[in-house]
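Residue numbers (the UniProt record's numbering): 1 to 196.
Here's the structure, in structure tokens; my notes come after.
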Amino acid sequence: MRRVRGGVGVHSTSVAAGVPAGSSNACLPFPMSTESAVSLPDSAQRVALLLQQMGHDQPVVMLPQTGKTSAEAAAGLGCQVAQIAKSIIFRRATDNAPVLVVASGINRVDEAKVAERVGPLARADARFVREATGYAIGGVSPIGHVIKPVMLLDEDLFQYDSIWAAAGHPNAVFRMTPAQLAAMTGAPVADVAQRA
Numbered sequence: 001m002r003r004v005r006g007g008v009g010v011h012s013t014s015v016a017a018g019v020p021a022g023s024s025n026a027c028l029p030f031p032m033s034t035e036s037a038v039s040l041p042d043s044a045q046r047v048a049l050l051l052q053q054m055g056h057d058q059p060v061v062m063l064p065q066t067g068k069t070s071a072e073a074a075a076g077l078g079c080q081v082a083q084i085a086k087s088i089i090f091r092r093a094t095d096n097a098p099v100l101v102v103a104s105g106i107n108r109v110d111e112a113k114v115a116e117r118v119g120p121l122a123r124a125d126a127r128f129v130r131e132a133t134g135y136a137i138g139g140v141s142p143i144g145h146v147i148k149p150v151m152l153l154d155e156d157l158f159q160y161d162s163i164w165a166a167a168g169h170p171n172a173v174f175r176m177t178p179a180q181l182a183a184m185t186g187a188p189v190a191d192v193a194q195r196a
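So this is what it looks like as structure tokens:
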């Protein structure tokens, strides 16, 4: 077993067969298979250290395959897509401030609802996302940004006992409760989803 930089633990995972389907909180028990400790990429290490400083007791998990999309992350974790807390970055048009919406993986963000709360929005390109957050698209964590974003949390995340968010890298995630996410970020909870 290799030593992890900074002493922060990480688990590599594999998907177990027989994950219960249809349960509102279907998710593999944690930790899933703990094959060996591995070194984290620098951006994920930054998130792991911040989680440790916050007293968060769940380690960063490296998925064997990318978790760039909510569906990929859910498949790797054996949970519902709705339990993935995806990070969507916008640029506020009035002052170029980053706006981060942490949404349930099954929801499309309603930009008009977000704009009502934070002001007019513009698209954020990959360069803006990296400069504002310190993370690449697909790995944006809800914590540890270069520039503190204006944030909103999707109210739909709060119907689950546990949720998973990116940990600074497309293959890195961490688990928390919705209440822990709210405490970590200090962000207000809002209806941000497009509704049929």
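The beta-carbon is built from N, C-alpha and C at its ideal position, and this holds for glycine as well.
CB-CB length for Asp154 against Val192, believed under 8 Å: If you number the sequence shown from 1, residue 154 lands on position 154. If you number the sequence shown from 1, residue 192 lands on position 192. Contact between Asp154 and Val192 holds: CB atoms are separated by about 5 Å, below the 8 Å threshold.
DSSP beta-bridge partners of Arg91: Here residue 91 is taken as the residue at index 91 of the sequence shown, counted from 1. Its beta-bridge partners are Pro98 and Ala122.
Limits of the unbroken alpha helix (DSSP H) element including Met54: Indexing the sequence shown from 1 puts residue 54 at position 54. Taken as a continuous stretch (DSSP letters only), Met54 belongs to no alpha helix (DSSP H), as it is neither H nor E.
Closer than 8 Å: Ala124 CB and nearest the ligand ADP heavy atom: Questions concerning the ligand ADP fall outside what the structure shown contains, since it holds no ligand whatsoever.
Proximity below 9 Å, CB of Leu40 to CB of Ala172: Taking the first residue of the sequence shown as 1, we reach residue 40 at position 40. Taking the first residue of the sequence shown as 1, we reach residue 172 at position 172. Going by C-beta atoms, Leu40 is nearer than 9 Å to Ala172.
Per-residue burial, Val109 [other beta carbons within 10 Å of its own, 16 or more giving buried]: One-based indexing of the sequence shown puts residue 109 at position 109. Its Cβ being crowded by 16 or more others within 10 Å, Val109 is buried.
Beta-carbon proximity list for residue 197, same chain, < 8 Å, skipping 5 on both sides: Nothing about residue 197 can be reported from this structure: the residues present for the chain run from 1 to 196 only.
Within 9 Å, strictly: CB atoms of Pro149 and Ala165: If you number the sequence shown from 1, residue 149 lands on position 149. If you number the sequence shown from 1, residue 165 lands on position 165. Contact annotation: Pro149 and Ala165 have beta-carbon atoms that are not nearer than 9 Å.
The stretch 167 to 182 contacting the stretch 55 to 62, beta-carbon criterion three pairs below 8 Å: Proximity of the stretch 167 to 182 to the stretch 55 to 62 meets the contact definition, three or more beta-carbon pairs being nearer than 8 Å.
Three-state class that DSSP yields for Leu77 in the structure shown: Locating residue 77 in the sequence shown gives position 77, counting from the first residue. Three-state DSSP puts Leu77 in a helix.
Sufficient close CB pairs (3 or more, under 8 Å) joining the stretch 114 to 126 to the stretch 83 to 101: Yes, they touch.
Host alpha helix (DSSP H) of Ala179 (start-end): The residue you call residue 179 lines up with position 179 of the sequence shown. Its alpha helix (DSSP H) spans residues Pro178 to Thr185.
Ala112 to Asp57 span [Cα, whole Å]: Here residue 112 refers to the residue found at position 112 of the sequence shown. Here residue 57 refers to the residue found at position 57 of the sequence shown. The alpha-carbon separation between Ala112 and Asp57 amounts to approximately 36 Å.
Lys86 versus Asp125: straight-line alpha-carbon distance, rounded: For the purposes of this step, residue 86 is taken as residue 86 along the sequence shown, with counting starting at 1. For the purposes of this step, residue 125 is taken as residue 125 along the sequence shown, with counting starting at 1. Answer to the nearest angstrom: the Cα atoms are 17 Å apart.
Min CB distance Ser104 to chain C below 9 Å: Within the model displayed, chain C is absent; a lone protein chain is all it includes.
Thr185 to Gln80 span [Cα, whole Å]: Counting from one through the sequence shown, the residue named residue 185 turns up at place 185. Counting from one through the sequence shown, the residue named residue 80 turns up at place 80. Answer to the nearest angstrom: the Cα atoms are 23 Å apart.
Reduced DSSP secondary structure (H/G/I, E/B, other) of Leu50: Here residue 50 refers to the residue found at position 50 of the sequence shown. Looking at Leu50 - three-state DSSP - the assignment turns out to be helix.
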